[in-house]
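Here our numbering = 1-based position in the sequence shown + 82.
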Amino acid sequence: MDIKKTEALIIEKLKEVYDPEIPVNVYEIGLIYEINVKEDGRAHILMTLTSPNCPVAEILPMEIREKAEEVEEIKEVEVELTFEPPWTMDMLTDEARLELGMF
């Protein structure tokens, strides 16, 4: 398995998941902190939410896991939710800033 290629495929899948409060995908918003893929097909995704009180706190991590599992090489996905460091607007990618009219 090509780990880098598989991580890139997961990123493409995660770009299909949108935060309902911000009309930009979760990857471009900066909610995904890490994606680690192992040779045996297991993946670990470290993510955050825009706030600890986010109304989709239970649904969004599940959706992230399901999307990552769509990648053929992936057998199992663990999604870990963290609030360290807390999410800020600085985590938006340039693409997200453009989409939100912040340039």
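Ideal Cβ positions, reconstructed from N, Cα and C, are used throughout, including at glycine.
Going by CA-CA distance only, name the one from 122, 102, 100, 96 that's closest to residue 116. Nearest of 122, 102, 100, 96 to residue 116, Cα basis: 96.
Residue 111 vs residue 178 beta-carbon contact at 8 Å: Yes, Cβ-Cβ distance for residue 111 and residue 178 is below 8 Å.
Residue nearest to residue 154 in terms of C-alpha spacing, selected from 119, 140, 102: Taking each of 119, 140, 102 in turn and checking the Cα distance to residue 154, the smallest one comes out for 119.
On a Cα-Cα basis, can you pick out the residue from 108, 104, 101, 141 that is closest to residue 93? 108
Complete beta strand (DSSP E) runs within the segment 103 to 173 (minimum length 3 residues, chain order): As far as the segment 103 to 173 is concerned, its whole beta strand (DSSP E) runs of at least 3 residues are 114 to 119, 124 to 129, 158 to 163.
Taking the C-alpha atoms as reference points, what is the distance between residue 157 and residue 185? Each residue's CA atom was taken as its position, placing residue 157 and residue 185 some 40 Å apart.
Quick one: Cα of residue 147 to Cα of residue 172, how far? In this structure, the CA atom of residue 147 is about 25 Å from the CA atom of residue 172.
Using only alpha-carbon positions, find the residue among 125, 135, 170, 167 that is nearest to residue 149. 125
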